[in-house]
Amino acid sequence: MTKKKKVQWFWMWVIGSVTLRLILVYFPRNLNLSSRPEVSTPLTSLRRLAEGYWLKRSSMSPYAGSMYHGSPLLLTFLGPLTVTRIEGQPDQLLCSLVFVIADVISATLIRAAGRSLQAAYSSSLKVIGLHQLSETSEVLPSGDFAALVYLWNPFTIIACVGLSTSAIENLVVVLSLYGACKRLASLAAFGWVLATHLSLYPSILIIPVILLLGYGPDAPPRKLFQQRIKLEVGNSSSIGSNNLKEELKDQSSVLKVFAWRLVVHFFIWILLWSSYVLVLCGIYLQKHGGLQELYRRTYGFILTIPDLSPNIGVLWYFFAEVFDFFRSFFLMVFHGNILLMIMPLALRLNHRPCFLAFVYIVISSLLKSYPSVGDSALYLGLLGLFSYELKDIRFSFLLFAGYVGVSLLSPVMHNLWIWRGTGNANFYYATAIAYALFQVALVIECVNCMLNHDRMVTKLTTTKLKDAKS
Amino acid sequence: MFHSVICSESRKLIAQYMLGLDAEVTYHNFYPQLNQFHPLHFFTSPDSSIISKNISCASIGMNTVGIIRAPRGDGKEAIVLVTPYNPKKVVLGEALSLGVAYSVFSLLSRVTWLAKDIIWLVADSQYGEYSSVSAWLREYQAPQFHRVVVNSETCNESSTIEGKLYSGFRRAGTIAAALVVKVAEDGNHFDDSLNIYAEASNGQMPNLDLINIVNYLAVHKQHLRIKVSKMWSLLGSKWLNTLGVVLECIGQYARRLNPQWKFGIPANEYVEGTATLASSMYYQGLGVPTGPHGAFRDYQVDAITVEISPKVSPTKMNRHIDFIFRGGRLIEGVVRSINNLLEKFHQSFFLYLLTSPSKFVSVGVYMIPFALLGAPLPIVAASLYMFSSKTTPQAPVASEVDFSLESWKWINSAKKVFVIHLWGVAVSLLPYFLCRIPGLTPTNNLTVWGSFAVLSLVILFSMLGYPTSVAVPSEAEKREWANLKSVTLSATFIGLSLMSVINFATAEIGALLIVPFCLMARPLMLDIQARSMRTLLLATCNLALGFIAFPPCAFLLLKSAFDSSGGYNISDYWNWMESLWAWNSATYLYIGIVHLPCWALCIHILFHPS
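Sequence lines, in order, name chains A and B.
For the first sequence, my numbering puts the final residue at 470, and the numbers step up evenly by one.
For the second sequence, my numbering puts the final residue at 1610, and the numbers step up evenly by one.
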């Protein structure tokens, strides 16, 4: 009964958020969001996409003139929509509708992933004998919660109304995670290939996706299961019930074993999908330099950071200031920064692959070359998935106030610098640094809180085990 | 008809004079724009293209523009001289200002050192000086490609002038600086003096160097007295004079101790400085430009208005030539100084408050008191947050089933604060709709506005579940106010720091009003229950502060304190607010979205049942 009520209430909120977006879509002139540096980066701007489409239609390379840097697939998909105008309607209405739909689909996928995560988590808690904890973990509908956070997050709304293609990038990332949670290798591979193709950074998500496929969704540390099973096997052998023994052995095999077959499937699907995508891109760019041009203009553009126009990230200012002969060194340092954190985190959080994916997304959106608020929208939405584990997070209010303050202050500083001329770049960059700091604080606190939660679970199980033994 | 003949004749005369100097002359037609409310004007780039259609010929304003091309320049930069005049009713002061500008213009058309083009804009001020200048600037900086269809074709009379007159809009290079030249109507009986007006919209100031140039040349070369506006009522105030004397004494004493310490200033200088500072802050805080120079600042052009105020009224003046000569020398000097600049003025001197024409308080200094005023807000918010989130002692064993979202308790308060801020947005948007209804007096408008605000607030509180029950509240409910206050303080802090970036003066004045109340606010019930002298004093203090911080009360109190003309009417408040939003001042948004909601929340805390 209560569950049904919750569902109704959920769809009301979804409809509300869609209505809000549609209302905002009708005032594009007044808000002028699509030209804000927070929303549209060189990679996600729809205006650049329209330009690329125009170039392509006049049989030039869409990458001519360093205007467009996205995928050719987006061009074929969104390009025709940028030129169709409906009389009396806002210019980019169809594209906005596509982004709104993408947001809603992402939200429903997050919700479904959250539900399966929650069910898996509570059952795994039951397996290690923490029945009470498993009951409380189901109190919060974290999937619904995450979906609503994603939909109602002002960042998501702004990115969606501001005609940034990050809505679609987020959708494919979520699709990949959803596929991995549901253990659908083909879907996960599809999402991962497209996400990597669209924005490169999600390629690091291959580790959490493999872990998700191999070990299954987030669970308490694996050694707890082993201890528990050892104990139960011991108990059952003393009782001597053969059936139970078999059952437990089955359980243990399900929990412990890495599902190699699924992972192999996943890799085969990756091969298939990526060759498919590359063939399509190759056909599209046949006369304009082919795949080499594609890599140079998309991945090369992301990695070498030639566009230093201000954004909410920390790299543009740095690379505007750095001496030219140090440039390649610092490029390596900054990109290595992301790669450096992959392994330690993967080792520490390998029992929680979904959370690991969240942490990766935060880190990459922090150190991205062209970040926008759309990236923050994604990880803030995913944050909701762990609302049960992270309920004791510290500094939540400080982080919230910081995010609000910075996101209000940043446009004002930009205005002061660009339009009024009374400030300078340092004013704006200061807010970018503050924003980065809050992101760092957020990810540190989240990981800290998650590890504390693990410790709590470990403590509870060991005390229980001791009780059971004595 | 007669008027229009005079108009066209005087315009023709000016054009002919300009043509006589070999200048490029054009007319610029514009259509006076009604003041419209753009709540987000601050964030949008200044190219909003709003055109009112179907304007009759009679309501067209016509600027006359003359351009001298610099013989040595590359035509990439220009200096603008503006003389506003009303062709329908030419007064002697305006005629004199035209004379001053013409003398400068004629000189500049002959000099060889000119490196920047000179534009002389004779602004048609029959619809206000600001709107004509801003219309010309809009056309200059952001041309519109869809023109207004004018009903009759008789508006174009330019063809009647002999000589070549350029059709279409003429441009010179980017505008380096602009000077608005005016001559005051009535004499000031003391001395020839010069008033400087510099405040543009939202408290933006032109570069200080421009003021310095004018100040230096006027004082040292032309021996004019320079004046910036002052709060006259402060000059006579007893307490300020006493304070000045005390400070002077302290300064003298300090100097006696150590001759290096030179912070003491004479009492009268202190009082004058304070009066100037107060006026500078007031006009910056108002966010309404003090003259046509304000239009330039929107395009990052430094501009000031110099108003030459002669000793005797121009009507009684004997030697007009002498006056024009003196004024012209000053303008020539300023133009020459700007002309010789190779770069733009340095960008670090935009944020300042004037204490006298030659002294200023820079951003590095004036931010300190504001930061000190604002700093308690986050500190108190943090301490209250800690206080409210202190868990009631429970058995720690129950941690397994403990499902109180202890660290997310602020969400409820944040929701409340957010809703009240939304209410603030609704309240500040209402005048936009009220103005559409014709035939309402200011008092009526204010009544409708106020009653809507109160009604919606009451409805909101009933929806949010205002705790009205007299039953003994639980421990958690008792702490709720602390949590709410902590979130309120954070919101106030964010709002104030945001406003201090947009318009410092507003933030400073607003902080003086709201910060004490925010910090002091605590439930009256607590104070009354305690019944000690201290708590009762605290309660009265809170009520008094709450009264003062209420925007209309604050307005009327300040008005009665500084405006000695008397006759205070509540409808003044409406007029004041209307002028604020008509000028798209960010102060209006500050009052509606930051100040009022924070005040309402503090009042809510004050009457919280605890």
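Ideal Cβ positions, reconstructed from N, Cα and C, are used throughout, including at glycine.
Pick from Leu1513/B, Arg1297/B, Ala1539/B, Phe1350/B that is closest to Ser1201/B, judged by C-alpha positions: Arg1297/B
Proximity test, Cβ basis, 9 Å: Leu416/A and chain B: Interface criterion met: the Cβ of Leu416/A is under 9 Å from a Cβ in chain B.
Cβ contact check for the segment 1328-1335 of chain B and the segment 1103-1119 of chain B: 3 or more pairs under 8 Å: yes
Any C-beta of chain A under 9 Å from that of Trp1481/B: no
Reduced DSSP category for Asn32/A - H, G, I as helix; E, B as strand; rest coil: coil
C-beta atoms of Gly1287/B and Gly1203/B nearer than 9 Å: yes
Where Glu1343/B falls, given that 16 or more other Cβ within 10 Å makes a residue buried: exposed
Cutoff 8 Å; reference Tyr1027/B; Cβ partners in own chain excluding five residues on either side: Excluding residues within five positions, the ones whose Cβ falls inside 8 Å are Arg1011, Ala1015, Met1062, Asn1063, Thr1064, Val1065, Ser1158, Leu1165.
Assigned secondary structure, Ser1399/B (DSSP; H/G/I helix, E/B strand, else coil): Caution applies to Ser1399/B, whose pLDDT of 41 falls short of 50 and renders its modelled position unreliable; the value that the coordinates give is listed next. Correct three-state label for Ser1399/B: helix.
Interface residues of chain A facing Leu1637/B [CB-CB closer than 9 Å]: In the structure as shown, chain B starts at 1001 and stops at 1610, and residue 1637/B therefore has no counterpart that could be examined.
Chain-order list of residues whose beta-carbon lies under 6 Å from that of Ser17/A (same chain, five-residue window excluded): Leu151, Trp152
Near-chain B residues of the segment 402-415 of chain A - C-beta to any C-beta below 7 Å: Contacts with chain B (Cβ-Cβ distance below 7 Å) from the segment 402-415 of chain A involve Val404, Gly405, Leu408, Leu409, Pro411, Val412, Met413, Asn415, listed in chain order.
Where the segment 1287-1305 of chain B meets chain A: residues whose CB sits under 7 Å from a CB there: Gln1300
Whole-Å CB distance - Ala1507/B paired with Phe1370/B, under 8 Å assumed: Right, their Cβ atoms sit about 7 Å apart.
Where the alpha helix (DSSP H) containing His1028/B begins and where it ends: First-last for His1028/B: 1024-1030, but that is the beta strand (DSSP E), not the alpha helix (DSSP H).
Limits of the unbroken beta strand (DSSP E) element including Met1062/B: 1061-1068
Inter-stretch contact (C-beta, 8 Å, three-pair minimum) for the segment 173-186 of chain A and the segment 61-73 of chain A: In this structure the segment 173-186 of chain A does not touch the segment 61-73 of chain A; the number of beta carbon pairs closer than 8 Å is below three.
Short Cβ contact (9 Å threshold) for His453/A with Arg297/A: no
Identity of the residues DSSP links to Leu1108/B by a beta bridge: Note: Leu1108/B is not bridge-paired with any residue in the DSSP secondary-structure output.
Opening and closing residue of the beta strand (DSSP E) in which Tyr1588/B lies: First-last for Tyr1588/B: 1586-1589, but that is the alpha helix (DSSP H), not the beta strand (DSSP E).
Segment limits, alpha helix (DSSP H) that includes Lys469/A: Taken as a continuous stretch (DSSP letters only), the alpha helix (DSSP H) holding Lys469/A covers 425-469.
Cβ neighbours of Thr972/B in the same chain (closer than 7 Å, five flanking residues each side left out): Residue 972/B lies beyond the residue range present for chain B, which begins at 1001 and ends at 1610; the question has no answer from this structure.
Partner residues on chain B for Phe397/A, Cβ-Cβ distance less than 7 Å: Tyr1385, Trp1410
Stretch pair the segment 350-358 of chain A + the segment 405-413 of chain A: three plus CB contacts closer than 8 Å: no
C-alpha gap between Lys459/A and Pro344/A, whole angstroms: 24 Å
Within-9 Å CB hit, Ile1494/B to chain A: yes
Beta carbon proximity, Ile1368/B to chain A, threshold 9 Å: Interface criterion not met: the Cβ of Ile1368/B is under 9 Å from no Cβ in chain A.
Range of the contiguous alpha helix (DSSP H) that encloses Ser1456/B: 1442-1464
Rounded C-alpha distance that separates Val373/A from Leu1243/B: 52 Å
Contact list for Ser1490/B against chain A, beta-carbon separation under 8 Å: Phe397, Ala401
9 Å Cβ cutoff met for Ala1586/B and Ile1502/B: For Ala1586/B and Ile1502/B, yes; Cβs fall inside 9 Å.
Reduced DSSP category for Asn1086/B - H, G, I as helix; E, B as strand; rest coil: coil
Which of helix, strand or coil DSSP assigns to Asp1563/B: coil
Sub-9 Å separation of Val1419/B and Leu1498/B beta-carbons: Their beta carbons are not under 9 Å apart, which means Val1419/B does not touch Leu1498/B by this criterion.
Residues near Val174/A by beta carbon distance below 7 Å, same chain, minus five either side: Answer for Val174/A: Ser106, Leu109, Ile110, listed in chain order.
6 Å Cβ shell around Leu1081/B - same chain, five flanking residues per side excluded: Ala1101, Trp1120, Leu1179
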